[in-house]
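Novice:
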Amino acid sequence: KEHIVEVEQFTADSKEAVETFRIKYLGKKGLLKEFFAEFKNVANDQKKEFGQTINTLQKLATDKVNSLKESLDNTSESQGVYNDLTRPGEPIELGARHPISIVKNQIIEIFSRIGFNVSEGPEIEDDWHNFTALNLPEYHPARDMQDTFFIQTNPDILLRTHTSSVQVRYMENNKPPIRTISPGRVYRNEAISARSHCFFHQVEGLYIDKNVSFADLKQTLQFFTTELFGKSKIRLRPSYFPFTEPSAEVDVYWGLETETDYRMTKGTGWLEIMGCGMVDPNVLNNCGIDPEEYSGFAFGMGIDRIALLLHQISDIRLLSENDVRFLEQFRGAL
Ligand code: PHE
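And the structure:
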């Protein structure tokens, strides 16, 4: 019984003292071992009381050791590591933003200044949003323009081949005026090389309102390319997309004095950077917008190729290989 009092009153200010106490009571040759061995010699009428007392003692001693250890740990932490404001900081490795994110954010920022919001949609799409609503009915030969990864056929479920699918969703759910850009990852069954990959990233844009003209499209693109590339010349070449009419391809002129290897391979200063056009009335109809009342333009560009261009990266595969030696070069970029 006097041991119980001793245990209850025990305190310690060092881990060593706690350990000595622990060995004395709970160790292999400790007092409690002795008491338990003693138990069989105790007279029968005292067994009950003796048993209860040593059980209590064991529990008290165990609890005491644990609580003392814990409070000593806490005080050493607060006195040592956490309380000393003069300690030098740990060297923290800062990561770098991925070049795709850097360029994507730049594009979003430029368009946000002229009133475009950002919309997103699923990478796994149905046939309607990726093709049919965009004026590509079944068996339309233009479906072959984009080599599609199918997940399921009949009904067709696929990996989106462009983020035009997001624009369809946006038109279905919003009334004009519409000004939105849709960044995201897209997939095409293409051979992987230094110049192309089976997945890449796009930003597509959509502007729908009353009396929107081709001149508005051209002016918007001129503004955008100037903001992104600096002083730049662009040219629009007639082209074909099922969802726009008329359609054009946009080339940007890269001055010869800043010619990079990447552009040399094209053999000219003109570089194709996006497709665009006036939204086909069939597409507006498919998405519940009256083409008699509204018109609009759309455009789409690949972020990856623009990132190669702006950061003079020679191989598109570097963008998805997660090589730290490559990625850390973008440290400190926006
Ligand atoms: N969706 C087209 C593509 O993936 C790009 C584009 C968008 C072209 C809008 C015209 C208008 O290549």
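Each residue of the sequence shown is one higher than the last, beginning at 6 in the UniProt record's numbering. Each residue gets a CB set at the ideal place from its N, CA and C atoms; glycine is no exception.
Going by C-alpha distance, which of G301, E277, W275 is nearest N287?
Specialist: Residue G301 is the option with its Cα nearest to N287.
Novice: Output the distance between the C-alpha atoms of R336 and R165, rounded to the nearest integer angstrom.
Specialist: Their backbone Cα atoms lie some 31 Å apart in a straight line.
Novice: Can you look up N122 in the DSSP assignment and give me helix, strand or coil?
Specialist: N122: strand per DSSP, three-state reduction.
Novice: If we ignore side chains and look at the alpha-carbon of each, how far apart do E226 and P188 end up?
Specialist: It should be pointed out that residue 226 corresponds to Leu in this sequence rather than to Glu. Cα to Cα, L226 sits roughly 17 Å from P188.
Novice: Could you tell me the distance, in whole angstroms, from the CA atom of T231 to the CA atom of D132?
Specialist: About 36 Å.
Novice: Which whole runs of the beta strand (DSSP E) in the region 282 to 326 are 3 residues long or more, in chain order?
Specialist: You should have 300 to 307.
Novice: Can you list, in chain order, the residues of its chain whose CB lies under 7 Å from that of F331, leaving out five sequence neighbours each side?
Specialist: Excluding residues within five positions, the ones whose Cβ falls inside 7 Å are L323.
Novice: Name the residue from S76, E75, G280, L37 whose alpha carbon lies nearest to the alpha carbon of T58.
Specialist: T58 has its Cα closest to that of L37, out of S76, E75, G280, L37.
Novice: DSSP three-state call for I9: helix, strand or coil?
Specialist: In this structure, I9 counts as helix in the three-state DSSP scheme.
Novice: Within the same chain, show all residues whose beta-carbon is closer than 6 Å to that of I311, passing over the 5 residues directly before and after it, in chain order.
Specialist: Closer than 6 Å at the Cβ level, and outside the excluded window around I311, lie V108.
Novice: Can you look up S256 in the DSSP assignment and give me helix, strand or coil?
Specialist: Correcting the residue identity first, residue 256 is Asp in this sequence and not Ser. Of the three classes helix, strand and coil, the one that applies to D256 here is strand, per DSSP.
Novice: Just mark V255 as buried or exposed, buried being the case when its beta carbon has 16 or more other beta carbons within 10 Å.
Specialist: Under this definition V255 is a buried residue.
Novice: If we count Cβ pairs, one from each stretch, closer than 8 Å, do we get three or more for the region 142 to 161 versus the region 289 to 305?
Specialist: With a cut-off of 8 Å, the region 289 to 305 and the region 142 to 161 do not count as touching, because too few Cβ pairs lie within range.
Novice: Let's test the definition: count the other Cβ atoms within 10 Å of the Cβ of I129 and tell me whether it reaches 16, buried, or not, exposed.
Specialist: By the neighbour-count rule (16 or more Cβ atoms within 10 Å), I129 is not buried but exposed.
Novice: Only counting the same chain, and skipping five residues up and downstream in sequence, which positions put a Cβ closer than 6 Å to that of Y212?
Specialist: Cβ neighbours of Y212 beyond the five flanking positions: R184, G301, F302.
Novice: For L62, I'd like the list of residues in its chain whose CB is within less than 7 Å of its CB, leaving aside the five on either flank, ordered along the chain.
Specialist: Correct list, in chain order: H8, I9, V12, L37.
Novice: Per DSSP, which residues does P243 bridge with? Please list them.
Specialist: Partner(s): A253.
Novice: Taking all protein chains shown into account, decide if G282 is buried (16 or more other Cβ within 10 angstroms of its Cβ) or exposed.
Specialist: When all chains shown are included, G282 counts as buried.
Novice: From A220 to G94, what does the alpha carbon distance come to, in whole angstroms?
Specialist: When rounded, the distance between both Cα atoms is 57 Å.
Novice: Using the rule of at least 16 other Cβ atoms within 10 Å of the residue's Cβ for burial, across every protein chain shown, is Q334 buried or exposed?
Specialist: With fewer than 16 Cβ atoms within 10 Å of its Cβ, Q334 is classed as exposed.
Novice: Let's see if you can read the secondary structure: which residues bound the alpha helix (DSSP H) around P104?
Specialist: Counting along the chain, the alpha helix (DSSP H) containing P104 begins and ends at 104 to 117.
Novice: Are there any heavy atoms of the ligand PHE lying less than 7 Å away from the beta-carbon of G301, as far as the coordinates show?
Specialist: Answer for G301: no, Cβ out of range of the ligand PHE.
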